[in-house]
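Protein sequence lines, in the order shown, are assigned to chains C and H.
Per numbering that gives the first Met the number 0, residue 0 is the first one in the first sequence, and the count goes up by one each step.
Per numbering that gives the first Met the number 0, residue 0 is the first one in the second sequence, and the count goes up by one each step.
All residues carry an ideal CB built from backbone N, CA and C; glycine is no exception.
Here is the structure we will look at, set down as structure tokens.
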Amino acid sequence: MADRKMRILVVDDANLIRLYYRRILEEAGFEVEEALNGIEGLERLLVSPADALIVDINMPQMDGVTFLSALRRQALPLSSIPALVTSTESSAGDIATARAAGANFYCVKPIGREDLAGAMAMFCGVRA
Amino acid sequence: MNEFLEQFLVEARELVEQAVADLLALEREPGDRASLDGSFRAFHTLKGGAGIVDFAAMGRAMHAAEDVLSMVRRGDRAVTAALIGDCLACLDQVVQWLDSIEESGELPSGADAAAGRLAVRFAAGEAAIEVAKTEAPAVGGETPASATASAILREQIALLAIRGEGLEGRIASAGRVAANVFRHLGRPDVAERIADAVTESLAGPERESVARAIESAMESLNAAPAPDPIEPVANRPDPLSRSLRVDAERVDALVSLTGELTVAKNAFRHIAMLAQEGDNPLSASIGSEYGKLDRLINGLQRAVLELRILPLRRVFQRFSRLVREMSETLARPVRLVIEGEETQADKAIVEMLFEPLLHVVRNAMDHGVEPSAERAAVGKSAIATICLRARREGEHVVVEVEDDGRGIDTDRVRTVAVERGLATFDIVAGMSEGAVIDLIFMAGFSTTTDVSDLSGRGVGMDAVRASIERLGGRVQLETRKGAGAIVRFVLPFSVMMTRVMTVEAGGQWFGIPLDAVIETIRVPRHEIRSVGKAHALVLRNRTVPLIGLAATLGWAKAESSADATVVVASSGGVSGGLEVDRLGARMDVMLKPAEGLLSGIPAIAGTTMLGDGGVLLVLDVKEVFTLTTS
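Right, dumping it as structure tokens:
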């Protein structure tokens with residue numbers, strides 16, 4: 000691991016999912032922050048930028064796609080934060096929509112423990 | 000059947016073919032990302048199609064297969080024979096459904112149960128794998144980590160292709176992720192190069208440099224000592240992206256119109272020639288305009304015929320699967336090698352080739368390839384090889400099936416021919432090896448005493464030869480005792496055009512397909528010998544039977560002249576000389592099957608319109624000779 004712990008912001012409205020991600024990521028040596036929807040996510044990032052994001056698509060108030068589009072329109076370096084999008088949908092259309100909004104990778108739920116930790120290590124540029 | 004359903008049928012069949020090919024390739028090379036992605040996409044697209052036509056059961060089955068393949072993509076499941084088998088079974092079911100839709104025009108009933116069975120099958124496989132996975136890491140292919148890395152890198156390239164608002168953010172984040180992936184992999188040097196490309200891209204108008212940097216970085220990853228066997232998906236050309244789907248009927252209409260145009264052009268040639276005869280001041284310009292028209296129409300005809308051209312891949316692909324199954328049924332390990340599948344041929348040939356090829360491949364598996372023990376005894380590798388090969392040779396397409404089995408036992412062929420009453424012992428004893436092998440093509444010949452599961456269904460090589468000859472081709476057979484055999488189909492590249500030599504006999508013009516013509520000679524009458532009622536001539540120490548074409552076909556008696564004009568021809572293993580009154584031009588004709596009254600004339604392969612509006616009868620040379628002997 001690098002000098003400091005990498006910070007991951009999880010933006011998901013499902014409590015169970017956030018808890019699941021937190022367990023896995025903390026075990027893998029990451030620091031985890033949570034937001035319940037897009038608006039909350041943006042607010043958190045403006046206060047303290049994360050090293051990577053895990054974003055759900057279907058969320059109340061501001062969904063993942065809107066959140067990402069808004070993020071990518073911010074000034075650098077905030078707009079460059081890597082984002083992993085997670086969804087239960089696996090259609091090409093859903094993937095294309097997420098990509099157009101600025102997602103760096105797309106995973107269909109449920110995501111395996113190793114996959115999640117591995118992807119975050121890659122997103123943050125740290126050795127597993 | 001509604002339009003959606005029709006389109007669905009066409010597309011689904013293509014997708015099934017593609018998926019089968021990809022799955023088999025994946026089975027051979029479990030790490031091949033392109034085949035994995037290809038088969039996944041095929042199932043995914045099939046699912047989408049099923050959704051559009053409201054075929055929910057099929058959608059569920061496709062979804063189950065898609066799920067399994069997507070786990071493989073994520074590295075959660077390894078590619079196993081069972082997994083490939085499940086996916087193939089799923090496609091088999093799809094083919095059955097498609098056949099049923101085609102027949103009835105409606106969605107099949109009872110599909111829910113079948114889809115349910117498939118889903119259960121996939122779920123069972125998953126459970127078995129889950130257990131296996133905890134015990135041993137995935138074997139072969141790529142490690143899940145590098146698969147994920149490559150997938151993430153490719154996704155960044157895709158992300159960089161998007162334009163519009165938020166572009167800088169996307170470039171910066173894609174570059175950041177790509178650089179971080181390489182840092183994660185322990186390659187900070189590569190990461191720095193990508194980071195530099197990002198700076199450059201954000202500073203100037205050059206937006207592509209990040210994608211290029213990632214691509215070249217991925218290549219360096221592949222070339223590294225511990226190579227990552229993944230190629231970017233982008234390297235695989237999508238065959239559909241540059242093609243246009245046109246209804247076959249429209250193409251045939253175009254072919255037909257071009258044929259009529261050719262006939263009109265030929266008529267014009269007649270006029271141009273008439274103009275040359277008189278003192279017409281326009282004759283020179285008519286002649287030169289005809290030349291242009293001739294060139295253009297020939298060009299058009301070639302272009303139109305190319306619309307009907309397909310790669311033989313369509314036929315060959317089906318064999319990977321079939322050979323695999325036959326190999327299991329016979330418990331004889333066989334490796335299928337396919338060469339030249341990109342070779343192209345006319346649609347009619349590609350579509351008709353499957354049956355005869357299947358028969359030959361079955362023969363090779365059943366009679367050619369020895370059981371493993373027998374192979375080991377003679378020092379051959381335990382796994383037999385069957386090679387399916389195609390190539391273009393001038394105006395021909397050559398398709399071969401080669402096996403490394405025991406070859407053809409000519410002594411056994413002799414015995415069987417006598418047993419089956421095809422020839423007497425004296426005759427077969429005196430036959431050359433080549434002539435003996437030709438016996439295999441006789442109706443009623445089959446070397447296995449038992450009717451086997453695979454090949455012995457009463458359809459012999461005679462049927463194969465007949466169907467290849469119907470396509471205008473010929474069959475050759477080569478054998479090396481103990482080392483294998485090659486069955487070769489020599490087919491015309493295009494079935495539409497037949498090059499004929501025109502001949503006049505008894506006041507009627509005929510066309511003889513040039514394929515059948517060996518040579519034309521003039522023979523002094525005194526050199527023609529009478530053998531009973533028949534005639535023959537000696538040509539380079541060989542006695543060639545000679546028949547009068549007009550008399551044989553029941554036309555008026557031929558004119559008598561000092562020398563006889565003879566066309567020496569050969570077809571379907573029969574050869575001889577045809578006496579004609581005079582030889583005419585050679586021409587390319589579009590052969591149409593003889594219809595109406597003409598269909599009653601024996602030995603006519605087809606007809607074609609002549610420039611002066613007359614009809615040219617094109618002969619079936621083999622039948623002409625058969626008429627004489629019978």
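What residues match up with residue 510 of chain H in a beta bridge as DSSP calls it?
H/501 and H/617
Return helix, strand or coil for residue 187 of chain H, following the three-state DSSP convention.
helix
Tell me whether residue 573 of chain H sits in a helix, a strand or coil according to DSSP, three-state version.
strand
Taking only three categories from DSSP, how would you classify residue 414 of chain H?
helix
Residue 76 of chain H touches chain C at which residues, Cβ-Cβ below 8 Å?
Within 8 Å Cβ-Cβ: nothing; residue 76 of chain H doesn't reach chain C, min ~11 Å.
So what does residue 87 of chain C bridge to, in DSSP terms?
For residue 87 of chain C, which the question treats as bridged, DSSP gives no partner whatsoever.
Please determine if the stretch 71–86 of chain H and the stretch 24–38 of chain H are in contact, where contact requires at least 3 C-beta pairs separated by less than 8 Å.
yes
In this structure, how does DSSP classify residue 355 of chain H when only helix, strand and coil are distinguished?
helix
Counting only Cβ-Cβ distances shorter than 8 Å, please list the residues of the stretch 108–126 of chain C near chain H, keeping chain order.
111, 113, 114, 117, 118, 120, 121, 122, 123, 124, 125 and 126
With which residues is residue 104 of chain C paired in a DSSP beta bridge?
For residue 104 of chain C, the beta-bridge partners assigned by DSSP are C/83.
Quickly, what does DSSP pair residue 322 of chain H with across the bridge? List them, please.
DSSP, once it has assigned bridges, lists no residue as partnering residue 322 of chain H.
Taking C-alpha atoms, which residue in H/550, H/567, H/514 and H/512 lies nearest to residue 538 of chain H?
H/567
DSSP state of residue 423 of chain H, grouped into three classes?
coil
Using three-state DSSP, classify residue 61 of chain C as helix, strand or coil.
coil
Taking 9 Å as the CB-CB limit, is residue 73 of chain C close to chain H?
yes
Roughly how many angstroms separate the alpha carbons of residue 380 of chain H and residue 438 of chain H, rounded to a whole number?
30 Å
Measuring straight from C-alpha to C-alpha, what distance separates residue 465 of chain H and residue 116 of chain H?
43 Å
So is residue 179 of chain H buried or exposed if we call it buried at 16+ other beta carbons inside 10 Å?
buried
Within 10 Å of its beta-carbon, does residue 521 of chain H have 16 or more other beta-carbons around it, so buried, or fewer, so exposed?
exposed
Excluding the five sequence neighbours on either side, which residues of its own chain have a C-beta within less than 7 Å of the C-beta of residue 340 of chain H, listed in chain order?
310, 311, 312, 315 and 389
Mind checking the stretch 374–400 of chain H against chain C and listing, in chain order, the residues whose C-beta falls within less than 7 Å of any C-beta there?
none
Report all residues from its chain with a CB closer than 8 Å to the CB of residue 110 of chain H; omit the five preceding and five following residues, and keep chain order.
54, 56, 57 and 96
Does chain H have any CB closer than 9 Å to the CB of residue 38 of chain C?
no
Between residue 18 of chain H and the rest of its own chain, which residues show a CB-CB distance below 8 Å, the 5 nearest in sequence each way excluded?
37, 38, 41, 42, 45, 86 and 90
Any beta carbon of chain H sitting closer than 9 Å to that of residue 3 of chain C?
no
Ends of the alpha helix (DSSP H) at residue 547 of chain H?
Careful: residue 547 of chain H lies outside any alpha helix (DSSP H), inside the beta strand (DSSP E) at 541–547.
Going along chain H, which residues have a C-beta under 7 Å from residue 66 of chain C?
The premise fails here: residue 66 of chain C is roughly 12 Å from chain H at the closest Cβ pair, so nothing lies under 7 Å.
Are the CB atoms of residue 26 of chain H and residue 718 of chain H within a distance shorter than 9 Å?
Since the first residue of chain H shown is 0 and the last is 629, residue 718 of chain H is not available in this structure.
What's the call for residue 78 of chain C, buried or exposed, on a 16-neighbour Cβ count within 10 Å?
buried
Just the C-alpha distance for residue 325 of chain H and residue 14 of chain H, rounded to the nearest angstrom, thanks.
23 Å
Less than 8 Å between C-beta atoms, sequence neighbours within five positions excluded: which residues of the same chain meet that for residue 281 of chain H?
Spatial neighbours of residue 281 of chain H in its own chain (CB-CB distance under 8 Å, excluding positions within 5 residues in sequence) are listed in chain order as 274.
Checking 9 Å against the spacing of the C-beta atoms, do residue 385 of chain H and residue 360 of chain H come in under that value?
yes
Taking Cβ positions, are residue 54 of chain C and residue 44 of chain C nearer each other than 9 Å?
no
Using a Cβ-Cβ distance under 9 Å, would residue 19 of chain C count as near chain H?
Cβ-Cβ to chain H under 9 Å: no for residue 19 of chain C.
Note down the Cα distance separating residue 603 of chain H from residue 257 of chain H, rounded to an integer number of angstroms.
24 Å
For a minimum of 4 consecutive residues, which ranges assigned as the alpha helix (DSSP H) are wholly contained in the stretch 17–74 of chain H?
32–51 and 55–73, all fully within the stretch 17–74 of chain H.
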